[in-house]
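Each remark here refers to the structure printed beneath this line.
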DNA sequence: GTCCCTATACTCGGATAGCAAGTGTCCGAGTATAGGCGG
DNA sequence: CCGCCTATACTCGGACACTTGCTATCCGAGTATAGGGAC
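Residue numbers (this note's numbering), protein chains in the order written: chain A, 868 to 1029; chain B, 868 to 1029.
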């Protein structure tokens, strides 16, 4: 079980976009510069976010990305699934239907206990992520980020948005 | 986020081993045959379970694998972590310490909200898996497996264990 | 001064290589058993 | 008939190829803007 690096980047990007004034877009290249990550690769994930309807792209000059919904209506789960794919982590291959003790297919009506337990665990994981929105992340930035860094970020943002 | 196939195999193997009389060992090749999976590859995961102290190997003729602990003392989480690695799925690369708004290292004392939320979700996942033991899985086999299949499995097992 | 047109520069989007990890396989080291031999 | 010894066959354990998916990159299509020119 491993989560791709793009998940972290995407969540940070959404947080940044959530701090912008409504309607203002930030280019992908600027988002990459702000986080010091490869711009070309970040673009791939921003594309996924765009396809999922989480961010929307503004083309042309002074274009970029901006949140497609209010920050409070975007959950962390939405972002994670958009970037990492919405397939469940555990996939039951029904190996109980194979081997020397297999019986006719019609007897397998109830999922096996292993699959149920794994899916329950994944539901717990998803529910936890569903309980935090991008708006929550933005709201607690002043608690986890030093004021000095916030000032620098605001200054940089002002020079970029122009 | 994707869980390797070996996780499923390992959990099923532990369930099977949990049904055996105490002290009896089942060779990896028979476990593979019972589940109809590649024996050579399953051996790799059984090795991991052995290293983790979940199963113990009995060498030589009539050897094989058996649970190293009572089935009620082995949680699903133990098995999953042994096979899939115990690294957290989400790894914070501290990208907030990079880019144009970075400040001196000493200001980053509290983990960022994103990492905290991701870790909380993973804790929920782990806690859920911790609440189910191999013994629980064995105990509910008669609810999720048809009696006919149980009979066939017992018959096969008897012919193999000799 | 105002409006329109064009060229520009900037944006996103998808198609294209490189690499790590999971997947699959193999052969060698070690051991408990089965059978034969001697007493 | 009983005990010992040896050869065997079977076990696990680690070292070696292959495939999938994540990582990283590039170039082309499209558009809002900026500037210049005409009215």
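Each residue gets a CB set at the ideal place from its N, CA and C atoms; glycine is no exception.
Predicted, not measured: the structure shown is a model, and the values here were computed from it.
Counting only C-beta atoms, is residue i closer than 8 Å to chain B at any point?
i, result
"residue 880 of chain A", "no"
"residue 870 of chain A", "yes"
"residue 995 of chain A", "yes"
"residue 1035 of chain A", "Residue 1035 of chain A lies beyond the range of chain A shown here (868 to 1029); nothing can be said about it."
"residue 967 of chain A", "yes"
"residue 933 of chain A", "no"
"residue 893 of chain A", "no"
"residue 840 of chain A", "For residue 840 of chain A there is no data in the structure shown, the boundaries of chain A being 868 and 1029."
"residue 977 of chain A", "yes"
"residue 924 of chain A", "no"
"residue 896 of chain A", "no"
"residue 938 of chain A", "no"
"residue 991 of chain A", "yes"
"residue 980 of chain A", "yes"
Of the residues the options, which one's Cα is nearest the Cα of residue i?
i, options, result
"residue 899 of chain B", "A:908, A:980, A:963 and A:934", "A:963"
"residue 913 of chain B", "B:959, B:1008 and B:880", "B:880"
"residue 982 of chain B", "B:960, B:875 and B:915", "B:960"
"residue 974 of chain B", "A:992, A:1012 and A:980", "A:1012"
"residue 1002 of chain A", "A:936, A:980, A:991 and A:1028", "A:936"
"residue 931 of chain A", "A:1000, A:893 and A:939", "A:893"
"residue 1022 of chain B", "B:877, B:901, B:896 and B:895", "B:901"
"residue 978 of chain A", "B:903, B:1004 and B:990", "B:1004"
"residue 903 of chain A", "A:890, A:919, A:915 and A:875", "A:875"
"residue 921 of chain A", "A:884, A:905 and A:896", "A:884"
"residue 888 of chain A", "A:990, A:933 and A:966", "A:933"
"residue 1026 of chain A", "A:897, A:917 and A:877", "A:897"
"residue 919 of chain B", "B:976, B:991 and B:877", "B:877"
"residue 976 of chain A", "B:938, B:1006, B:905 and B:1010", "B:1010"
"residue 1000 of chain A", "A:929, A:895, A:939 and A:916", "A:939"
"residue 965 of chain A", "B:1028, B:895, B:886 and B:905", "B:905"
"residue 1006 of chain B", "A:980, A:991, A:1024 and A:990", "A:980"
"residue 929 of chain A", "A:958, A:891 and A:916", "A:891"
"residue 1024 of chain B", "B:886, B:958 and B:915", "B:886"
Against chain A, with Cβ distances strictly below 8 Å, would residue i count as a contact?
i, result
"residue 904 of chain B", "yes"
"residue 960 of chain B", "yes"
"residue 1015 of chain B", "yes"
"residue 999 of chain B", "yes"
"residue 984 of chain B", "yes"
"residue 970 of chain B", "yes"
"residue 887 of chain B", "no"
"residue 919 of chain B", "no"
"residue 956 of chain B", "yes"
"residue 907 of chain B", "no"
"residue 1025 of chain B", "no"
"residue 915 of chain B", "no"
"residue 929 of chain B", "no"
"residue 1020 of chain B", "yes"
"residue 910 of chain B", "no"
For the alpha helix (DSSP H) containing residue i, name the first residue and the last one.
i, result
"residue 908 of chain A", "906 to 918"
"residue 882 of chain B", "872 to 886"
"residue 868 of chain B", "Neither: residue 868 of chain B is in no alpha helix (DSSP H) and is coded neither H nor E."
"residue 995 of chain A", "980 to 997"
"residue 938 of chain B", "Note, residue 938 of chain B: premise wrong, no alpha helix (DSSP H); not H, not E."
"residue 1027 of chain A", "1014 to 1028"
"residue 1004 of chain A", "1001 to 1006"
For the beta strand (DSSP E) containing residue i, list its first residue and its last residue.
i, result
"residue 845 of chain B", "Absent from the structure is residue 845 of chain B, since the part of chain B shown begins at 868 and ends at 1029."
"residue 924 of chain B", "922 to 925"
From the DSSP secondary-structure annotation, give me the bridge partner or partners of residue i.
i, result
"residue 893 of chain B", "B:932"
Flag residue i as yes when its Cβ comes closer than 7 Å to any non-hydrogen atom of the ligand MN, and as no otherwise.
i, result
"residue 892 of chain B", "The ligand MN is not part of the structure shown, which contains no ligands of any sort."
Any contact of the stretch 980 to 999 of chain A with the stretch 942 to 953 of chain A, i.e. 3+ C-beta pairs under 8 Å?
yes
Kindly confirm or deny that the stretch 1015 to 1023 of chain A and the stretch 949 to 957 of chain A touch, where touching means at least three C-beta pairs closer than 8 Å.
no
So, do the stretch 952 to 961 of chain A and the stretch 868 to 876 of chain B have three or more beta carbon pairs nearer to each other than 8 Å?
Short answer: they touch.
Assess contact between the stretch 974 to 988 of chain B and the stretch 910 to 928 of chain B, defined as three or more Cβ pairs (one per stretch) separated by less than 8 Å. Is contact present?
No: the two stretches stay apart, fewer than three of their Cβ pairs being nearer than 8 Å.
Answer yes if the stretch 960 to 975 of chain A comes into contact with the stretch 894 to 909 of chain A, meaning at least three C-beta pairs across the two stretches below 8 Å, and no otherwise.
No, because fewer than three Cβ pairs between the stretch 894 to 909 of chain A and the stretch 960 to 975 of chain A fall closer than 8 Å, the two stretches do not touch.
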